[in-house]
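Undergrad: Okay, handing you the structure first.
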């Protein structure tokens, strides 16, 4: 996962890695864990062991989330969905609500756990990911605004970038341009894409 918050506070780009639980295939093949993590006073380290030689290499990241086991000793501090939201999601959300341009995205191979970190299981509070938690927090703050002179609106755009083509997921697929939507540079908002924008009034 990688997050970017433009501004003077902290690093503009931060990188986090997360170790997930074994999946069914890995369990059935008796896979061996070769990763452990360590939180430092500043940043973190992820250690990867060569299964043949036992030699470890270490890699430094801003955050290392150990979500593999909450009971195995010596592999790092246990990280829940709450941990990831507090550490990654809230700083990005707060920066966005302060008017700064931000982005947070997850990348990795299929089955790495990207969807779980970003979406999780919606409707199961402890398992929800960053996106639904952020949406709930946005509407919580909107609902808590009591100043009658302040009007707040929430709009949503959902796009897909696939093979370098930008598609509008909120539009009828039949209306998609063959070559995708083209981003354009604006003086105020940077690069924007003219895709469907719809108002949202609550989380549902």
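Residue numbers (the working numbering): 4 to 207. Heads up, the beta-carbon is just placed ideally off N, CA and C, and yes, glycines get one too. The structure displayed is predicted, hence computed values, not measured ones.
1. Can you have a look at residue 204 and say buried or exposed, based on whether 16 or more other CB atoms are within 10 angstroms of its CB?
2. Does residue 120 come out as helix, strand or coil in the three-state DSSP assignment?
3. Report the partner residues of residue 187 according to the DSSP bridge assignment.
4. Rounded to the nearest angstrom, what separates residue 97 and residue 91 at their Cα positions?
5. Which term fits residue 206, buried or exposed, when burial requires 16 or more other beta carbons within 10 angstroms of its beta carbon?
6. Have a look at 15, 200 and 202 and flag the residue whose alpha-carbon is nearest the alpha-carbon of residue 105.
7. Give me the Cα-Cα distance between residue 147 and residue 153, rounded to the nearest whole angstrom.
8. My parser needs the alpha helix (DSSP H) runs of 4 or more residues fully inside the region 16-86; what are they?
9. Suppose you measure from the CA of residue 44 to the CA of residue 67; what does that come to, to the nearest Å?
10. Kindly indicate which three-state DSSP category residue 202 falls into: helix, strand or coil?
11. Could you give the distance in angstroms between the alpha-carbon of residue 151 and the alpha-carbon of residue 140?
12. Between the region 160-167 and the region 110-123, do three or more beta carbon pairs fall short of 8 angstroms?
13. Counting beta carbon pairs with one atom in the region 28-43 and one in the region 69-87, are three or more of them shorter than 8 angstroms?
14. Below 7 angstroms CB to CB, which residues in the same chain sit around residue 131 once its five sequence neighbours on both sides are set aside?
15. Go to residue 97, then tell me how far its alpha helix (DSSP H) extends in each direction, as first and last residue.
16. Considering only the alpha carbon of each residue, which of 70, 47 and 172 lies closest to residue 26?
17. Just to confirm my understanding: we take residue 136, look at its own chain, exclude 5 residues before and 5 after, and list those with CB closer than 7 angstroms. What are they?
18. In its own chain, which residues sit with a C-beta less than 8 angstroms from the C-beta of residue 2, not counting the 5 before and 5 after it?
19. For residue 107, which three-state DSSP category applies?
20. Can you tell me whether residue 171 is buried or exposed, with buried defined as 16 or more other CB within 10 angstroms of its CB?
21. Near residue 177, what residues of its chain come up, given a Cβ to Cβ distance below 7 angstroms and the 5 sequence neighbours on each side ignored?
TA: Reading it off the structure:
1. exposed
2. helix
3. 195
4. 11 angstroms
5. exposed
6. 15
7. 12 angstroms
8. 27-31
9. 13 angstroms
10. strand
11. 20 angstroms
12. no
13. yes
14. 84, 123, 124 and 125
15. 93-100
16. 70
17. 88 and 92
18. The first residue shown for the chain is 4 and the last is 207, placing residue 2 beyond what the model contains.
19. strand
20. buried
21. none
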